[in-house]
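One structure is given below, encoded as structure tokens.
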Amino acid sequence: MSVLDRIERLRNVMEQQKIDCYIIPTDDYHHSEYVGDYFKFREYITGFTGSAGTAVFTKDKAGLWTDGRYFIQAEAQLKGSGITLYKSGESDVPTIEEFLKSELKEGDVLGFDGRTVTYAQGKRYCHIADENGASLKYRLDFAQNIWKERPEMSMESVFSLADEYTGEKIESKLERIREVMKENGCNAHVLSSLDDIAWLLNIRGNDIAYCPLVLSYAIVYNNSVELFADIRKFSDDIINLLAENQVKIYPYEDIYRKVSEMTSEDKLLLDSSIMNYSLYQAISKETVIVDKQNPEILMKSVKNETQAENLRKAHLKDAVAHTKFMYWLKKNIGRVEITELSASARLEGLRAEQEHFLGPSFDPISAYGEHGAIVHYSADEKSNVPLKEGKLFMTDTGGHYLEGSTDITRTVALGEVGNIEKEHFTLVARAMLRLANTVFLYGCSGANLDCIAREVFWKEGLNFNHGTGHGVGYLLNIHEGPINFRWKEGDRPAPTLEENMVITDEPGIYIEGSHGIRLENELLVRKTVKNEYGQFMNFEILTYVPIDLDAILPEKMSTEEKEMLNHYHKQVYEKVSPYLSEEERIWLKEYTRAVK
Numbered sequence: 001m002s003v004l005d006r007i008e009r010l011r012n013v014m015e016q017q018k019i020d021c022y023i024i025p026t027d028d029y030h031h032s033e034y035v036g037d038y039f040k041f042r043e044y045i046t047g048f049t050g051s052a053g054t055a056v057f058t059k060d061k062a063g064l065w066t067d068g069r070y071f072i073q074a075e076a077q078l079k080g081s082g083i084t085l086y087k088s089g090e091s092d093v094p095t096i097e098e099f100l101k102s103e104l105k106e107g108d109v110l111g112f113d114g115r116t117v118t119y120a121q122g123k124r125y126c127h128i129a130d131e132n133g134a135s136l137k138y139r140l141d142f143a144q145n146i147w148k149e150r151p152e153m154s155m156e157s158v159f160s161l162a163d164e165y166t167g168e169k170i171e172s173k174l175e176r177i178r179e180v181m182k183e184n185g186c187n188a189h190v191l192s193s194l195d196d197i198a199w200l201l202n203i204r205g206n207d208i209a210y211c212p213l214v215l216s217y218a219i220v221y222n223n224s225v226e227l228f229a230d231i232r233k234f235s236d237d238i239i240n241l242l243a244e245n246q247v248k249i250y251p252y253e254d255i256y257r258k259v260s261e262m263t264s265e266d267k268l269l270l271d272s273s274i275m276n277y278s279l280y281q282a283i284s285k286e287t288v289i290v291d292k293q294n295p296e297i298l299m300k301s302v303k304n305e306t307q308a309e310n311l312r313k314a315h316l317k318d319a320v321a322h323t324k325f326m327y328w329l330k331k332n333i334g335r336v337e338i339t340e341l342s343a344s345a346r347l348e349g350l351r352a353e354q355e356h357f358l359g360p361s362f363d364p365i366s367a368y369g370e371h372g373a374i375v376h377y378s379a380d381e382k383s384n385v386p387l388k389e390g391k392l393f394m395t396d397t398g399g400h401y402l403e404g405s406t407d408i409t410r411t412v413a414l415g416e417v418g419n420i421e422k423e424h425f426t427l428v429a430r431a432m433l434r435l436a437n438t439v440f441l442y443g444c445s446g447a448n449l450d451c452i453a454r455e456v457f458w459k460e461g462l463n464f465n466h467g468t469g470h471g472v473g474y475l476l477n478i479h480e481g482p483i484n485f486r487w488k489e490g491d492r493p494a495p496t497l498e499e500n501m502v503i504t505d506e507p508g509i510y511i512e513g514s515h516g517i518r519l520e521n522e523l524l525v526r527k528t529v530k531n532e533y534g535q536f537m538n539f540e541i542l543t544y545v546p547i548d549l550d551a552i553l554p555e556k557m558s559t560e561e562k563e564m565l566n567h568y569h570k571q572v573y574e575k576v577s578p579y580l581s582e583e584e585r586i587w588l589k590e591y592t593r594a595v596k
């Protein structure tokens, strides 16, 4: 069935249900970044495969809102569908809320599946409907009416993460959470965010694409925990381990009934910004709510020393795999046929050879030439192209290991590339190195430091349309809040960078129709000198993979920047070379040579 046929079917259902405007977000019921196949209704209806975006349909209009990572991809995938692309954040582009204000008329009905919309967003939709004299219906899962071949909800097994990887027992984490509950006068804490639940209970699964998480809800009480999930996914050993910590498992959908039965004696700690609208609305109106950011969010972003040491091991494994991949690519380009997809498969295969590898940590990007300008390009059988000499090739990939998760981007020159590509590559390398080598006083956030990377672009009248870095979860979400490098603050200002937080450093440049360049390392926040001026901080680089010297113009770098590059490459060789073959070591020695 074509996209046009699916849209027609959707509008027929809207007409039958007397819905004038219907919203389809990307989200599952937990506001996850990636979603399992069961939840990909927006992709099914629109044909747009990006991991972020919201579609809105009226009787005669259709729009899709997505961010700068997906503008080029969305334009291509929406072509001929009749769906208008709205580039979120661009000037003169209406937001979804502005569109609704202009479209909804008195007596209209606005609809959506409230389980896929956050409470904060749903509240805004409700306010707009009220202002326009329209009404709201939020129990509308039109996917069940339209998507006849909809996949089943995931039934992947749950596994427990041992203390040697978590560095903290369930009991200790619950004590910390209950202390926050006590400080806020709460006797219950409702959780719907999957990574927070997985971190708290030291469990992992495979229900979400690329994220080892378990579809679940939880309520933490002063002396017990109720976990709402499919018990068939849990082994007896895990059930017993959870029971030792007074955690009892209930059916997944029972969370709605449970919160509806709460009384005026209950005081709930919850985070409405990441709770779905239907769940929040189900909470008994007698219940007192303390609406704050989940305490788990900040707790899990600060890794303990056990996790920090494990992450060093995970990144070394990843560096070995990625360096072997670069060697293979450089040696074989032009000699054997390599495509975007086969190159990506080769890299994943090399990762799979490493001990404790569990799978990719996000949808891999393998982008040749002009495809590199599509920030979150995803190669498929239709778009897949062979790699040839004379252009740049970008991979943005990562892996989950028991020792932690990785996220690395490298852009490499395939043979000799043009001077403009080299100039742009050098800009990106300079930006990444400058940020990684920053020393700062404790109290800074990523917003304070973002311009250190971005300044080299701004001086040339250039910019890149994404954040410079994001937090990274420990075998959880690869994109983890609350920290980031961004020059524009969001709704919630980024917090102070604390020791043992992990954040990426990934500036880039994207020239539509020509090339894209991004270089990305992960950084571990560390303490350094403390004196009368305060506690100074710096970054420990976790990622050790060569920066392609075939694409560098040393004459465009300052003496200090060249010293940064040489020092980095010296460490790359020292750390990675012991795990390579003799031929690979010889190659790596050449590709980590000091630039003059």
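Under UniProt numbering, the sequence shown is numbered contiguously, ending at residue 596.
Backbone N, C-alpha and C fix where the C-beta goes; we use that ideal spot for every residue, glycine too.
By the Cβ-count criterion, residue 311 is buried, with 16 or more other Cβ atoms from all chains shown falling within 10 Å of its own Cβ. Within 10 angstroms of the beta-carbon of residue 294 lie 16 or more other beta-carbons, which makes it buried. The beta carbons of residue 10 and residue 57 sit closer together than 8 Å.
Distance from the Cα of residue 444 is smallest, within the candidate group 462, 527, 254, for 527. Secondary structure within the UniProt domain "Creatinase N-terminal" (6–125): the beta strand (DSSP E) runs of 3 or more consecutive residues, fully enclosed, are 21–24, 54–58, 62–66, 84–87, 109–111 (chain order). Contact between the stretch 309–325 and the stretch 536–548 is present: 3 or more CB-CB pairs across the two stretches fall below 8 Å.
Taking each of 440, 462, 41 in turn and checking the Cα distance to residue 533, the smallest one comes out for 440. The secondary-structure analysis by DSSP pairs residue 394 across a beta bridge with 367, 411. In this structure, the beta-carbon distance from residue 372 to residue 389 does not fall below 8 Å. Counting only the Cα atoms, residue 34 lies some 7 Å from residue 210. Counting only the Cα atoms, residue 138 lies some 14 Å from residue 108. Pairing residue 283 with residue 274 gives a Cβ-Cβ distance that is not under 8 Å. In this structure the stretch 110–122 lies against the stretch 18–25, because at least three pairs of beta carbons, one per stretch, are closer than 8 Å. Just measuring C-alpha positions, the residue of 513, 29, 457 sitting nearest residue 280 is 29.
Contact annotation: the stretch 374–381 does not touch the stretch 228–236, with fewer than three C-beta pairs closer than 8 Å. In the DSSP annotation of this structure, the continuous segment of the beta strand (DSSP E) that includes residue 189 starts and ends at 188–191. CA-to-CA, the gap between residue 252 and residue 216 works out to about 6 Å.
When C-beta atoms of the stretch 200–208 are compared with those of the stretch 481–488, fewer than three pairs fall below 8 Å, so the two segments do not count as touching.
Around the Cβ of residue 420, a 10 Å sphere holds fewer than 16 other Cβ atoms; the residue is exposed. Residue pairing from DSSP places residue 247 in a beta bridge opposite 225. An exposed status is given to residue 586, since fewer than 16 other beta-carbon atoms sit within 10 Å of its beta-carbon. For residue 437, the three-state secondary structure derived from DSSP is coil.
Note on residue 31: 16 or more other CB atoms within 10 angstroms of its CB, so buried under the neighbour-count rule.
Per DSSP, the unbroken alpha helix (DSSP H) holding residue 144 starts and ends at 143–146. In this structure, the alpha-carbon of residue 551 lies about 44 Å from that of residue 4.
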